[in-house]
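Enquirer:
There are 2 protein chains.
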Amino acid sequence: MNKDRLKEFEAMFNPQSIAVVGASSGRKMGGLAVRHLQLAGYKGKIFPVNPTEREILGLKAYPSVRDIPDPVGYTIIMVPAAAVLRVIDDCAAKGVKVVQLFTAGFSETGEAEPTRLEREMVARAHRAGIRLIGPNCAGISVPAKLIPLETTGVIGQPGDIAILAQSGGHTETLADIGLSRGIRFSKLISFGNACDLNAIDFLEYLKEDPETRIIALYLEGITDGRRLYQLLAEISPIKPVVLLKGGRTETGKEMAMSHTSSLAGSAAVWTAAMKQAGAIEVSTLEEMADTLMALQELPPITGNRIAIVSQLGGGAGGAGVLAADVCTSLGLELPPFTGEIKDKLKSIVNAPGSILRNPLDMSLMGRQAALLRKVLGVLAGLSDYDLIMLNERPTFLLALVSEAELQAINDVLVDFQHSNKKPLVVVSPPGGVHEKERVEVERRLTQAGIPIYPSFERAAKALANIIWYWGFKDKYQT
Amino acid sequence: MNKDRLKEFEAMFNPQSIAVVGASSGRKMGGLAVRHLQLAGYKGKIFPVNPTEREILGLKAYPSVRDIPDPVGYTIIMVPAAAVLRVIDDCAAKGVKVVQLFTAGFSETGEAEPTRLEREMVARAHRAGIRLIGPNCAGISVPAKLIPLETTGVIGQPGDIAILAQSGGHTETLADIGLSRGIRFSKLISFGNACDLNAIDFLEYLKEDPETRIIALYLEGITDGRRLYQLLAEISPIKPVVLLKGGRTETGKEMAMSHTSSLAGSAAVWTAAMKQAGAIEVSTLEEMADTLMALQELPPITGNRIAIVSQLGGGAGGAGVLAADVCTSLGLELPPFTGEIKDKLKSIVNAPGSILRNPLDMSLMGRQAALLRKVLGVLAGLSDYDLIMLNERPTFLLALVSEAELQAINDVLVDFQHSNKKPLVVVSPPGGVHEKERVEVERRLTQAGIPIYPSFERAAKALANIIWYWGFKDKYQT
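Line order of the protein sequences matches chains A and B.
Going by this note's numbering, the first residue of the first sequence is number 1, and it counts up by one from there.
Going by this note's numbering, the first residue of the second sequence is number 1, and it counts up by one from there.
Okay, here's the thing in structure tokens:
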């Protein structure tokens with residue numbers, strides 16, 4: 001990517017100032033966008049643009065973009081579609097380089113006039129050297145630059161995952177999930193109808209972006225499939241790409257047409273091609289978040305041999321049976337504990353009801369932090385296992401132990417994580433009598449960098465996804 | 001089922017008194033079982049049995065069951081396996097009719113001596129006319145009789161779902177999930193190794209039990225497959241049975257052998273047979289809970305035509321695309337809104353960015369309670385749809401509306417539910433910035449009898465399950 005193009009993107013992701021056209025003092029979107037920038041603590045200048053108001057949320061308002069005296073780095077348009085051409089002309093006159101359009105009512109309507117309007121807008125922008133993001137999108141958020149999502153105002157934690165999504169709602173949803181699950185972002189980009197800048201453009205940038213290590217991509221359709229394939233095949237060996245395709249079914253396809261004016265294409269051909277390119281295809285936003293978390297927190301794991309410590313404090317037998325079913329049916333292996341391993345475990349765990357298999361059922365001994373520490377110590381030393389999974393359900397533990405003891409058990413997990421001896425994943429299903437305490441446990445473990453999942457099914461799927469990817473990368477490199 | 005056998009079960013599910021053998025004042029299981037009965041407010045007499053203590057948790061303690069002066073309705077044994085035979089003899093001398101064994105360390109160990117001990121225990125019990133539940137189980141909970149789960153102390157809400165599970169942990173887990181999701185229970189029965197009373201016996205009872213309308217069954221293995229098939233085929237046309245089989249994979253099978261001494265058999269043959277018998281087979285505890293909630297709250301729905309109102313307040317387009325993909329790939333149909341319906345919707349929803357398809361994207365108009373009320377009114381009147389699904393994510397709504405307005409939106413849903421015009425299901429994903437408010441919304445809607453799911457995937461699976469069942473029942477009756 002040449003310097004000029006990189007500079008274009010710099011104006012989007014590190015703007016020195018932002019104009020909001022259609023800003024107002026009320027609770028309309030334009031007002032919210034300004035307010036959200038203020039609340040997030042954005043350090044650049046904010047220029048509200050409104051033809052009738054002179055001050056908005058304590059900031060001087062300008063009748064048009066032309067009237068702003070300072071240079072304008074980035075412009076967000078939130079006025080109705082009918083007013084957009086005039087604003088583009090204003091931006092051209094001002095010398096604005098990048099415009100993002102929240103405004104909807106263009107080609108996604110499927111109607112002739114709005115589609116013509118979109119084309120005219122693109123033509124005028126290109127004549128003036130303006131690049132367009134959208135229309136019909138929720139724009140860009142850059143947590144490290146304190147630029148929040150303009151609609152919800154959510155600002156994610158800074159990190160190295162880029163979200164690139166044709167749906168603004170999905171960037172907002174992933175940011176929201178990320179905050180509670182510790183998934184951290186470099187950029188969140190929604191590009192809606194992609195009338196100008198599209199998935200290919202942004203992917204070319206993210207491939208180079210030093211702040212992005214992992215890419216999440218939501219697409220509803222693509223005009224240049226060959227280039228997308230080629231680009232993903234170039235990126236995958238360098239950075240993992242987690243891909244979710246909307247419109248895989250007929251009904252979804254029709255909805256995608258109305259949503260972002262996208263032709264969705266055949267699902268089977270698509271999936272085969274994406275696999276060949278090395279992209280990790282997922283089928284829901286939840287699976288996308290789960291997989292991103294595994295990529296973010298776990299080292300490159302190419303082996304699929306899992307040791308499971310089943311439900312601490314009780315109910316570990318049945319939970320272990322279902323965990324084994326779910327994990328093995330998703331392609332993970334649970335090699336049995338045999339010979340010497342079994343002897344070592346037996347010297348620690350010997351309660352009636354305990355089961356020295358894999359999954360390991362510590363029975364009532366699972367409530368003793370000191371024993372858990374020893375068990376993890378044994379498992380950490382085994383080269384026959386690539387990863388440890390453990391599940392806890394605070395309702396069970398808190399029936400038997402105090403909150404301090406619950407904390408001691410989780411101290412063991414945090415210490416183990418910090419020891420870096422073996423990757424650890426925790427399953428902790430939400431809901432139940434002690435949900436408050438569970439959320440606190442999840443918060444602690446998440447902060448320590450332990451990926452947490454609400455079920456074995458979701459954990460196993462995420463792990464299978466990343467193990468597949470690291471295997472792909474290994475094969476590619478040899 | 002004859003009167004004598006019914007009487008046997010009466011002693012389990014409505015005991016006038018309960019003896020806990022192995023009770024103590026400490027935090028051991030025996031003490032917890034007594035404490036949990038007290039906390040739950042159990043109305044019958046509780047007799048702690050301990051050879052060395054004279055008073056336990058304010059109750060007079062007895063050296064043995066023989067020494068209890070009153071009649072003993074039900075006995076829970078929590079002493080080590082080695083002491084069990086003597087306790088059984090005591091129970092025989094006292095004339096106890098039903099004994100439940102929490103104690104583990106019998107045939108599930110796979111070892112000769114414990115297996116022999118289990119057989120000897122059964123022989124002695126039978127000679128004395130005692131029926132055994134377990135060993136290696138968490139016993140019985142009857143919410144309406146204020147009998148909690150002995151281990152966690154959780155007492156579910158009374159209702160008409162019976163849980164019958166070879167795993168005590170699963171009864172505990174389902175009770176815990178049930179409390180937060182409004183799933184209500186008639187009985188929760190865990191029967192562990194099933195050395196005497198087994199799944200068949202309990203199913204025969206639940207088939208007749210007037211307090212049970214829906215049955216959830218977790219099995220790890222079965223000795224008499226033919227009888228089970230026959231019985232499920234008899235029950236299914238009367239009461240839906242939701243079935244989860246542990247040990248469907250080789251690893252799960254081995255774990256099941258160690259957990260409850262069960263031989264698990266071939267998965268494919270099993271699944272085909274269960275389907276023919278009319279049982280709803282599920283593959284995780286989450287899917288079981290989801291399906292139970294749909295059966296509990298929704299009327300018999302045999303049609304699969306769904307109208308979707310996509311994400312209120314924002315992000316409805318992308319959410320609608322994925323909802324359509326997920327629902328149709330799980331066998332639900334989303335007939336498009338056409339002609340007159342579309343016109344009616346257009347007269348209510350006409351914001352830019354809104355999509356008058358199914359899923360319906362109300363765009364920013366989805367934050368207006370009055371408009372939502374009108375939209376639901378239109379959908380309720382359409383005979384082309386069997387059910388309405390709607391999703392809300394409070395993070396989106398609360399970026400745009402006040403808490404009072406959020407409440408007004410949910411008032412609309414509650415009112416709609418009470419109008420009984422069309423079944424309604426809500427999807428409300430957990431996590432995110434406004435989780436506290438979301439939990440409150442979930443609580444309100446749950447109380448109103450609206451089934452809530454954490455994702456479209458889980459909602460669609462549960463719906464597909466019950467639609468299949470009601471279709472099976474219809475076919476059976478014609």
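Even glycine gets a Cβ: it sits at the ideal position worked out from N, Cα and C.
Since the model is a prediction, treat every value here as computed from it, not as a measurement.
Check whether the Cβ atoms of ASP176/B and VAL142/B lie closer than 8 Å to each other.
Expert: The residue labelled residue 176/B in the question sits at position 176 within the second sequence. The residue labelled residue 142/B in the question sits at position 142 within the second sequence. Their beta carbons are not under 8 Å apart, which means ASP176/B does not touch VAL142/B by this criterion.
Enquirer: Would you mind working out which of LYS245/B, ASP224/B and ASP325/B sits nearest ASP267/A, comparing C-alpha positions?
Expert: Translated into positions along the first sequence, residue 267/A becomes position 267. In the sequence as displayed, the identity of residue 267/A is Ala instead of Asp. Cα-wise, what sits closest to ALA267/A is ASP325/B.
Enquirer: Measuring CA to CA, which of ASP70/A, THR212/A, ILE77/A and VAL84/A is closest to GLU150/A?
Expert: One-based indexing of the first sequence puts residue 150/A at position 150. Among ASP70/A, THR212/A, ILE77/A and VAL84/A, the Cα nearest to that of GLU150/A is on ILE77/A.
Enquirer: Pull the bridge partners of VAL439/B from the DSSP assignment, please.
Expert: By one-based count along the second sequence, residue 439/B stands at place 439. In DSSP, VAL439/B forms no bridge with anything.
Enquirer: Does the stretch 432-448 of chain B touch the stretch 208-228 of chain A, meaning 3 or more C-beta pairs lie closer than 8 Å?
Expert: Touching, no, given that fewer than three Cβ pairs across the two stretches are closer than 8 Å.
Enquirer: Starting from VAL433/B, find everything on chain A with Cβ-Cβ shorter than 7 Å and list it in chain order.
Expert: Start at 1 with the first residue of the second sequence, and residue 433/B comes out as number 433. By Cβ distance, chain A contributes VAL154, ASP176 and LEU179.
Enquirer: May I ask which residues mark the beginning and end of the alpha helix (DSSP H) holding MET389/A?
Expert: Looking up residue 389/A in the first sequence gives position 389. Per DSSP, MET389/A belongs to no alpha helix (DSSP H); it is in the beta strand (DSSP E), 387-392.
Enquirer: Tell me where the beta strand (DSSP E) around TYR218/A begins and ends.
Expert: Numbered from its first residue, the first sequence carries residue 218/A at position 218. Residues 214-219.
Enquirer: Can you check whether the C-beta of MET274/A is within less than 8 Å of a C-beta belonging to chain B?
Expert: As a first step, residue 274/A must be located in the first sequence, where it is residue number 274. MET274/A does not count as touching chain B.
Enquirer: Rounding to the nearest angstrom, what Cα-Cα distance links GLN166/B and ILE355/A in this structure?
Expert: Locating residue 166/B in the second sequence gives position 166, where the first residue counts as 1. Locating residue 355/A in the first sequence gives position 355, where the first residue counts as 1. Cα to Cα, GLN166/B sits roughly 16 Å from ILE355/A.
Enquirer: Less than 8 Å between the CB atoms is what I'm expecting for ILE280/A and VAL242/A, so what's the real figure, rounded?
Expert: For the purposes of this step, residue 280/A is taken as the residue at position 280 of the first sequence. For the purposes of this step, residue 242/A is taken as the residue at position 242 of the first sequence. Right, the Cβ-Cβ distance comes to about 5 Å (below 8 Å), so this counts as a contact.
Enquirer: In chain order, what residues of the stretch 344-367 of chain B put their CB closer than 9 Å to some CB of chain A?
Expert: Residues passing the 9 Å Cβ filter: ALA351, PRO352, GLY353, SER354, ILE355, LEU356, ARG357, ASN358, PRO359, ASP361, SER363 and LEU364.
Enquirer: Give the straight-line distance between the Cα atoms of GLY493/A and ALA128/A, rounded to the nearest whole angstrom.
Expert: Given that chain A is displayed from residue 1 to residue 478, the structure contains no residue 493/A and the question cannot be resolved.
Enquirer: Assuming LEU101/B is part of the beta strand (DSSP E), what are its boundary residues?
Expert: Mapped onto the second sequence, residue 101/B falls at position 101. Note, LEU101/B: beta strand (DSSP E), 98-101.
Enquirer: Using the C-alpha atoms, what's the distance from ASP411/B back to GLU403/B?
Expert: As a first step, residue 403/B must be located in the second sequence, where it is residue number 403. As a first step, residue 411/B must be located in the second sequence, where it is residue number 411. Distance between the alpha carbons of GLU403/B and ASP411/B: 12 Å.
Enquirer: Within the chosen definition, does the stretch 338-355 of chain A reach the stretch 370-382 of chain A through at least 3 CB pairs nearer than 8 Å?
Expert: Yes, they touch.
Enquirer: Using only alpha-carbon positions, find the residue among VAL65/B, PRO135/B, ALA460/B and CYS91/B that is nearest to ALA81/B.
Expert: Within the second sequence, numbered from 1, the residue matching residue 81/B stands at position 81. Measuring from the Cα of ALA81/B, the nearest candidate turns out to be PRO135/B.
Enquirer: Applying the 10 Å Cβ sphere with the 16-neighbour rule, what's the burial state of SER310/B?
Expert: Reading the second sequence from its first residue, position 310 is the one you call residue 310/B. Per the 10 Å Cβ criterion, buried.
Enquirer: Quick one: is GLY246/A near chain B, going by C-beta distance under 8 Å?
Expert: For the purposes of this step, residue 246/A is taken as residue 246 along the first sequence, with counting starting at 1. With 8 Å as the cut-off, GLY246/A counts as an interface residue toward chain B.
Enquirer: At least one CB of chain B closer than 8 Å to the CB of ALA199/A: is that the case?
Expert: Position 199 of the first sequence, counting from 1, holds the residue named residue 199/A. ALA199/A does not count as touching chain B.
Enquirer: Over the uninterrupted beta strand (DSSP E) stretch that includes GLN311/A, give me the two end residues.
Expert: Residue numbering aside, residue 311/A sits at position 311 when the first sequence is read from its first letter. Taken as a continuous stretch (DSSP letters only), the beta strand (DSSP E) holding GLN311/A covers 306-312.
Enquirer: So, is the C-beta of THR249/A closer than 8 Å to a C-beta in chain B?
Expert: As a working note, residue 249/A is residue 249 in the first sequence. Yes - at least one Cβ of chain B is within 8 Å of the one on THR249/A.
Enquirer: Under 8 Å between the Cβ atoms of ILE88/B and ALA125/B?
Expert: As a position in the second sequence, residue 88/B is number 88, starting the count at 1. As a position in the second sequence, residue 125/B is number 125, starting the count at 1. The answer is yes: Cβ separation under 8 Å.
Enquirer: Say whether chain A places a C-beta atom closer than 8 Å to the C-beta of PRO451/B.
Expert: Walking along the second sequence from the start, residue 451/B turns up at place 451. No, no contact with chain A.
Enquirer: Can you give me the C-alpha to C-alpha distance between ALA289/A and ARG227/B, rounded to a whole angstrom?
Expert: As a working note, residue 289/A is residue 289 in the first sequence. As a working note, residue 227/B is residue 227 in the second sequence. Cα to Cα, ALA289/A sits roughly 45 Å from ARG227/B.
Enquirer: Measure from the alpha carbon of LEU492/B to the alpha carbon of each residue in PHE202/B, ASP196/B and LYS45/B, then state which is nearest.
Expert: Missing from the structure shown is residue 492/B; chain B here goes from 1 to 478 and no further.
Enquirer: Just the chain B side, please: which residues come within less than 8 Å of VAL321/A by C-beta, in chain order?
Expert: Walking along the first sequence from the start, residue 321/A turns up at place 321. What VAL321/A touches in chain B: SER167, GLU220, GLY246, GLY247, GLY252, MET255, ALA256 and HIS259.
Enquirer: Label VAL269/B either buried or exposed according to how many other C-beta atoms from any shown protein chain fall within 10 Å of its C-beta, with 16 as the threshold for buried.
Expert: Walking along the second sequence from the start, residue 269/B turns up at place 269. With fewer than 16 Cβ atoms within 10 Å of its Cβ, VAL269/B is classed as exposed.
Enquirer: Going straight from the alpha carbon of LYS145/A to that of ILE18/A, what length do you get?
Expert: Taking the first residue of the first sequence as 1, we reach residue 145/A at position 145. Taking the first residue of the first sequence as 1, we reach residue 18/A at position 18. Computed Cα separation, rounded: 12 Å.
Enquirer: So if DSSP puts ASP361/B in a beta bridge, which residue, or which two residues, is it bridged to?
Expert: The residue labelled residue 361/B in the question sits at position 361 within the second sequence. In DSSP, ASP361/B forms a bridge with ILE355/B.
Enquirer: Between the Cα of ARG458/B and those of ASP474/B, LEU197/B, ARG443/B and VAL282/B, spot the shortest distance and give me the residue it belongs to.
Expert: For the purposes of this step, residue 458/B is taken as the residue at position 458 of the second sequence. That would be VAL282/B, whose Cα lies nearest to the Cα of ARG458/B.
Enquirer: Between the stretch 415-429 of chain B and the stretch 331-346 of chain B, can you find at least three pairs of beta-carbon atoms closer than 8 Å?
Expert: At 8 Å Cβ cutoff, the stretches do not touch.
Enquirer: Quick test of your reading: VAL34/A and ILE68/A, contact by CB under 8 Å. State the CB separation rounded to the nearest angstrom.
Expert: Locating residue 34/A in the first sequence gives position 34, where the first residue counts as 1. Locating residue 68/A in the first sequence gives position 68, where the first residue counts as 1. Wrong, their Cβ atoms sit about 14 Å apart, outside the cutoff.
Enquirer: If you reduce the DSSP assignment to three classes, tell me which class GLU55/B lands in.
Expert: Residue mapping note: residue 55/B aligns to position 55 of the second sequence, counting from 1. Strand, per DSSP.
Enquirer: If I follow the unbroken alpha helix (DSSP H) through THR328/B, where does it start and stop?
Expert: Reading the second sequence from its first residue, position 328 is the one you call residue 328/B. Unbroken alpha helix (DSSP H) run through THR328/B: 316-329.
Enquirer: Is the distance from the Cβ of LEU332/A to the Cβ of ASN358/A below 8 Å?
Expert: For this step, residue 332/A is matched to residue 332 along the first sequence. For this step, residue 358/A is matched to residue 358 along the first sequence. No, the Cβ-Cβ distance between LEU332/A and ASN358/A is not below 8 Å.
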